[in-house]
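Reading through the structure tokens given below for one structure.
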Amino acid sequence: MKTLKRISASSLVAVCTIAMSPTALEATEPATIVVDDDRLQCPDADLDTISAAVASAKPGDTVQVCPGVYPEVVQIDRPLTLAGTPGVEAFDCFGTAPSQAGDLDPTTYAVLTRPPGIEGNLLTVASAGVTVTGMVLEGALGEPVDSIYDAALHLLSGTAGARVHHNLIRRNSLGIDLGSDGSATTRVDHNCLRDNQFGMASQRQDFVGGVVENNNTFRNTILAYEVGWPRASTRQSLFAHNVSRQDRITFTVSNSWNVSIADNDIEPASTGVQPASGNTNIRITGNRIFGGTTAGVAFSATAGPTSQKALVAGNDISGFGRTPTGGIGIAVATNAAGVPSIDGVKVMDNVLSHNAVGISVQLNNLGVQVHGNTSNDNRQFGIRAQFLFGTASSASFKDNVMLGNGSPNLVPSADAFDNNRPANTWAGNVCERDIPIGTICQS
């Protein structure tokens with residue numbers, strides 16, 4: 280192996296004033312260790328496997344991976360940078376051609392893939408201070424064990440402060456298994472996650488103090504982002520400025536608190552954002568959510584404690600549903616037993632159109648405020664408040680605009696509907712057709 284030089288500009292200045300041995304320089308300055316599987320793209324490479332390069336690296340070094348295919352499982356147990364190629368940044372994440380093994384040019388991309396017959400996570404980060412960039416991670420496929428999937432990239436809890444950016448992560452059961460103890464900000468940004476089952480999830484450990492932004496997700500068949508689940512939570516984290524296309528569900532949120540889902544551009548196959556049980560202080564704000572079959576934002580009551588305090592504000596939600604009565608912009612639902620999904624939700628200043636129902640509230644939910652929304656040109660109702668069974672609570676509907684909703688050919692349909700009208704407050708609303716007639720519009 281050739282000697283890895285560790286000389287920086289600052290060290291050269293020091294040489295002018297202080298006699299310093301080459302050995303001392305090598306001990307203190309970070310090195311770049313070059314890896315090439317066949318030494319065709321980088322003839323002077325130091326090593327031909329990523330694992331060997333990581334094992335030889337010192338804290339602060341860079342492992343530079345040249346284009347090629349690397350069938351190995353890698354664990355990073357020290358602070359370093361794993362850097363692939365800039366070709367990943369030019370990849371069209373939303374290209375419609377299916378992702379297939381072997382369809383990427385090995386002279387352009389650095390592809391880390393699982394060796395035949397080997398199970399487990401493809402790349403595991405087990406140290407703080409790690410950066411992963413420019414890599415293609417693919418082929419971590421398999422059936423879950425006790426509902427836990429192998430991941431293309433697994434961030435352990437002690438990796439706070441890691442950064443994962445500008446990678447292509449595709450054809451995996453789970454793209455990124457998020458984890459952080461919150462002692463420093465973990466950033467996951469500018470990645471393409473496509474044709475996985477799950478894009479990102481915190482399935483093995485909590486994810487605390489994270490920023491997940493400016494990622495693209497495409498055609499993930501189960502979920503793009505699983506934000507918490509009964510075995511692990513997500514806390515004090517931001518998911519912002521991400522673009523989702525044709526993911527079945529873009530976000531689910533459960534067992535999590537102080538999470539913000541903001542300013543994302545979402546076009547799901549089914550549902551945009553689905554908060555479930557066990558959450559506290561969830562904010563869903565400023566998102567554009569368009570065109571799925573089921574709902575833009577759908578609160579659901581799953582097993583676990585009723586969620587507390589949510590804000591849904593400033594979103595633009597349209598085009599949900601494929602039938603006259605199917606597809607809801609914002610749904611605050613219950614389960615089949617009438618158990619509420621939320622205690623304390625504010626639905627404010629959203630714009631909803633061309634759904635079957637703009638806003639639908641099951642009146643078993645507690646502390647519901649629907650204020651200042653514009654819900655026009657929906658196929659059945661602008662705002663629907665309904666009580667089906669169980670115990671009803673009162674809700675507040677104020678200063679909403681609901682115009683052009685419903686159709687004479689669709690019964691029932693109206694701008695506003697409330698089948699438990701005496702229990703609820705409607706004030707300052709603008710609409711033309713209401714049920715019960717004359718009790719809601721301009722009241």
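All residue numbers for the sequence shown refer to the numbering used here, where the first residue is 280 and numbers rise by one. Just so it is clear, CB atoms sit at the ideal spot from N, CA and C, and this is done for glycine as well. None of these values were measured; they are calculated from a predicted model.
Asked, Found
"Option in T465, F497, R483, V314 with minimal Cα separation from Y230", "Coverage of the chain is limited to positions 280 through 722, which leaves residue 230 absent and any answer about it impossible."
"L401 vs R393 beta-carbon contact at 8 Å", "yes"
"CA-to-CA distance, A610 to I638, given in whole angstroms", "6 Å"
"Candidates P603, P346, N521, S556: closest to P322 by CA position", "P346"
"Span separating the alpha-carbon of D542 from that of D468", "14 Å"
"For G437, the three-state DSSP class (helix, strand or coil)", "helix"
"Exposed unless 16 or more other CB atoms sit within 10 angstroms - verdict on R601", "exposed"
"Cutoff 8 Å; reference G421; Cβ partners in own chain excluding five residues on either side", "E398, Y428, D429, S452"
"Among N521, A331, V348, the one whose alpha carbon lies nearest that of D317", "V348"
"Which listed residue (A664, A671, V630, L682) has its alpha carbon closest to that of W705", "A664"
"Coarse secondary structure for G489, derived from DSSP in three states", "strand"
"Beta-carbon proximity check, C487 vs Q525, cutoff 8 Å", "The question names Cys, but residue 487 is Val in the sequence shown. Result no, Cβ atoms of V487 and Q525 do not sit closer than 8 Å."
"Sheet register partners of Q587 (DSSP bridge)", "T559, D622"
"Cβ neighbours of N475 in the same chain (closer than 6 Å, five flanking residues each side left out)", "N451, G454, N499"
"Cβ-based neighbour list, L435, same chain, cut-off 6 Å, excluding 5 preceding and 5 following", "A405, G458"
"DSSP state of R450 mapped onto helix, strand, coil", "coil"
"Cβ distance (whole Å) where R550 is taken to contact A511 below 8 Å", "In the sequence on display, residue 550 carries Thr and not Arg. Going by Cβ atoms, the distance from T550 to A511 rounds to 21 Å, so no, they are not a contact pair."
"Beta bridge counterpart(s) of Y428 as assigned by DSSP", "Answer is none; Y428 lacks a bridge partner."
"Burial state of S432, where buried means 16 or more other Cβ atoms lie within 10 Å", "Checking the displayed sequence, the identity of residue 432 turns out to be Leu instead of Ser. The residue in question, L432, is buried, as its Cβ has 16 or more Cβ neighbours within 10 Å."
"Chain-order list of residues whose beta-carbon lies under 7 Å from that of S672 (same chain, five-residue window excluded)", "L642, N643, N644, L645"
"Straight-line gap, V647 to R442 (C-alpha atoms, nearest Å)", "38 Å"
"Residues near E546 by beta carbon distance below 6 Å, same chain, minus five either side", "R524, F569, G570"
"Sub-8 Å separation of T513 and S481 beta-carbons", "yes"
"Proximity winner among A615, T386, P385, M681, relative to F660 (alpha-carbon distances)", "M681"
"Coil, strand or helix - I329 by DSSP", "helix"
"Proximity below 8 Å, CB of N614 to CB of D656", "no"
"Beta-carbon proximity check, T572 vs G606, cutoff 8 Å", "yes"
"Coarse secondary structure for A303, derived from DSSP in three states", "Confidence at A303 is low in this model, with a pLDDT of 46, below 50, so the placement of that residue should be treated as unreliable; the coordinate-derived value is given next. Here A303 sits in helix by DSSP."
"Given P584 as reference, the closest of W508, R700, S675 once Cα atoms are compared", "W508"
"Supposed close pair G608, F599 - CB separation, criterion 8 Å", "6 Å"
"Contact check, I329 vs V344, beta carbons under 8 Å", "yes"
"Where G617 falls: helix, strand or coil (DSSP)", "coil"
"Proximal residues to V618 (C-beta, below 8 Å), its chain only, five neighbours per side dropped", "A580, T585, N643, G669"
"Spatial neighbours of T604 in its chain, beta-carbon cut-off 7 Å, leaving aside the 5 residues before and after", "A635, Q659"
"Distance between F666 and N698 (C-alpha atoms, nearest Å)", "6 Å"
"Exposure of G478, with buried meaning 16 or more beta-carbon neighbours within 10 Å", "buried"
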